[in-house]
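Novice:
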Amino acid sequence: MLPPLARPRRIAVIGGGIVGVALARALAVRGLGEVVVYEKERRLAAHQTGHNSGVVHAGLYYAPGSLKAELCTRGRGQIRDFCREKGLPYREVGKLVVAVDESELGPLAEIERRSRENGVPDLERIDDPARMREIEPHVAGIAAVHSPHTAIVDYAAITEALAHDARGAGADIRLGSEVTGLRIIGETAHVATPHDEREFDLVVACAGLQSDLVAKLAGADASPRILPFRGEYWQLSAEANDLCHGMIYPVPDPRFPFLGVHFTRGVYDDVRLGPSAVPALAREGYSWARISLKDTLGSIAWPGAGALLREHWYMGVDEISASLLKRRYFEKARRFVPELAMTHLAGKSAAGVRAQAWGRDGSLIDDFAVDRLGPVTLIRNAPSPAATSSMAIADHVIERFLGERTPAA
Ligand SMILES: Cc1cc2nc3c(=O)[nH]c(=O)nc-3n(C[C@H](O)[C@H](O)[C@H](O)COP(=O)(O)OP(=O)(O)OC[C@H]3O[C@@H](n4cnc5c(N)ncnc54)[C@H](O)[C@@H]3O)c2cc1C
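If you're matching positions, the sequence shown starts at 10 in the working numbering and goes up one per residue.
#1: Which of the three DSSP states, helix, strand or coil, is assigned to W311?
#2: For ligand 1, is there a heavy atom less than 7 Å away from the beta-carbon of S393?
#3: First and last residue of the beta strand (DSSP E) that includes G95?
#4: Answer yes or no: do F238 and Q57 have a C-beta to C-beta separation smaller than 8 Å?
#5: Which residue wins for smallest C-alpha separation from V1, given the options G228, D131, V385, A175?
#6: Can you tell me whether DSSP reads V276 as helix, strand or coil?
#7: In chain order, what residues of the same chain have a beta carbon less than 6 Å from the beta carbon of A31, not counting five sequence neighbours either side?
#8: Once you ignore the five residues that flank K341 on each side, which residues in its own chain have a CB closer than 7 Å to its CB?
#9: What I want to know is whether the C-beta of N61 ends up closer than 7 Å to one or more non-hydrogen atoms of ligand 1.
#10: Consider the Cβ of V379: report whether some Cβ of chain C lies at a distance smaller than 8 Å.
#11: Taking 7 Å as the cut-off, is the beta-carbon of I407 closer than that to any non-hydrogen atom of ligand 1?
#12: If you compare alpha carbons, which of R52, H353, D110, I27 is closest to A153?
#13: Check for me: the beta strand (DSSP E) holding F410 runs from which residue to which?
#14: Suppose only complete runs of 4+ residues qualify. What are the alpha helix (DSSP H) ranges in the segment 306 to 361, listed by chain order?
#15: Would you call the segment 379 to 397 and the segment 281 to 288 in contact, with 3 or more CB pairs under 8 Å?
#16: If you run the structure through DSSP and keep just helix, strand and coil, what is S246?
So, in structure tokens, the structure goes:
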């Protein structure tokens with residue numbers, strides 16, 4: 010591990026999503042330096058943070074010992090306490106992960122094992138369909154695990170509240186400020202926007218879908234590249250709202266880093282189905298109409314493209330067909346909620362695009378990944394559950410790269 014930097018004074022954070030803003034707040038509130046946040050959009054939480062499922066994950070899926078497992082567990086409690094302190098909605102509606110047939114029992118047992126090792130509180134293994142229906146009356150399956158403390162929140166509102174604290178502690182949050190240059194000169198880093206250039210002792214890039222591009226600005230390796238996966242949602246009609254009381258998830262395909270189309274009751278009591286995982290044709294490709302030749306050709310030319318295609322072509326075809334054909338999407342969900350009808354899918358709601366890191370060998374990187382290049386720290390992979398883990402990711406960066414201990418709560 011690299012030695013921690015001497016206590017920095019001037020710190021830039023690139024990215025006004027929940028990870029960047031949580032970090033800026035932690036730095037400013039602890040008085041670790043003069044903090045400037047650069048966000049290219051005119052509002053905070055404009056990308057992944059404002060377009061997700063709003064789930065506070067309890068740590069069911071993640072490999073024990075991984076950063077995801079550790080920071081999700083820490084972050085979950087921090088988000089809960091922060092919401093309570095600020096009066097923001099935090100609802101423990103619970104999550105049921107349902108195995109529909111025998112082929113899913115092995116992967117379900119692995120989820121149970123990981124959950125127990127990760128310390129998921131009050132986890133229940135269920136083999137009796139009647140018990141399953143006490144929790145979710147419309148579900149069909151042969152076994153399940155239930156996590157009663159998995160919660161839902163509004164991550165955009167949390168980001169605004171974190172930003173309010175950060176500003177209150179002196180952080181300067183600059184909206185509409187795209188970082189277009191990042192040069193390391195000796196022990197400092199120079200951050201350029203179309204408006205100005207400034208020198209910092211430390212820069213932390215939390216740039217989500219652009220994290221590889223920002224890393225390249227600093228002279229870092231182009232790998233891992235970001236591969237954008239669009240998550241499409243369908244809104245359930247009001248008459249179907251009761252089909253799901255909390256969250257109902259399928260057993261995910263362990264070869265793929267996504268959780269599968271699920272039912273989620275949002276904080277404002279709407280029920281959504283999703284998200285899918287469709288390869289997007291642009292980093293900010295929120296629909297099929299948003300195409301970037303640069304992003305798409307860049308992905309096709311990436312050394313890992315052939316390997317990824319060989320391994321996951323079937324999954325790609327399946328996701329694309331479910332995006333184009335409502336019936337395919339509906340069939341995925343009806344497997345575990347048979348009373349669902351096509352007419353209950355009232356319309357597509359806003360999609361999100363996941364920033365998934367992708368290695369040169371074609372592998373999709375599962376764990377969170379953070380790199381350092383002199384005075385620049387680069388968050389290179391922060392997919393789900395990074396919103397849940399955001400405050401813990403901030404502490405991790407501060408502990409590991411600034412050598413500062415997190416004060417006891
Ligand atoms: C469909 C979907 C569902 C998800 N569901 C969940 C969930 O239920 N629970 C959960 O915990 N996680 C979930 N996630 C993951 C979670 O949303 C992300 O992991 C998290 O929001 C990452 O936050 P971030 O700040 O790293 O990225 P972002 O929110 O994407 O923020 C990055 C910011 O950097 C800015 N930026 C980029 N380049 C520059 C530049 N050059 N200069 C200035 N600014 C720049 C961007 O404009 C952006 O605002 C989901 C994600 C998606 C897409």
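Glycine included, every Cβ here is placed at the ideal spot set by N, Cα and C.
Specialist: Let me spell this out:
#1: Start at 1 with the first residue of the sequence shown, and residue 311 comes out as number 302. In this structure, W311 counts as coil in the three-state DSSP scheme.
#2: For the purposes of this step, residue 393 is identified with residue 384 of the sequence shown, where counting begins at 1. At least one heavy atom of ligand 1 is nearer than 7 Å to the Cβ of S393, so yes.
#3: Counted from its first residue, the sequence shown places residue 95 at position 86. Correcting the residue identity first, residue 95 is Lys in this sequence and not Gly. First-last for K95: 76 to 95, but that is the alpha helix (DSSP H), not the beta strand (DSSP E).
#4: Within the sequence shown, residue 238 is the residue found at index 229, counting from 1. Within the sequence shown, residue 57 is the residue found at index 48, counting from 1. Going by C-beta atoms, F238 is not nearer than 8 Å to Q57.
#5: Beyond the ends of the chain as shown, which are 10 and 418, falls residue 1; an answer cannot be given.
#6: Your numbering for residue 276 matches position 267 in the sequence shown. Reduced to three states, the DSSP call for V276 is coil.
#7: Walking along the sequence shown from the start, residue 31 turns up at place 22. L171, S399, M400, A403, listed in sequence order.
#8: Position 332 of the sequence shown, counted from the first residue, corresponds to residue 341. Same-chain partners within the cutoff: V270, A331.
#9: Your numbering for residue 61 matches position 52 in the sequence shown. For ligand 1, at least one heavy atom lies less than 7 Å from the Cβ of N61.
#10: The chain inventory of the structure shown lacks chain C, comprising one protein chain alone.
#11: For the purposes of this step, residue 407 is identified with residue 398 of the sequence shown, where counting begins at 1. No.
#12: To locate residue 153, count along the sequence shown from 1; it is residue 144. Here the closest residue by C-alpha is D110.
#13: The residue you call residue 410 lines up with position 401 of the sequence shown. Where F410 is concerned, there is no enclosing beta strand (DSSP E), although the alpha helix (DSSP H) it sits in stretches over 395 to 411.
#14: 314 to 333, 335 to 343
#15: no
#16: Counted from its first residue, the sequence shown places residue 246 at position 237. Of the three classes helix, strand and coil, the one that applies to S246 here is coil, per DSSP.
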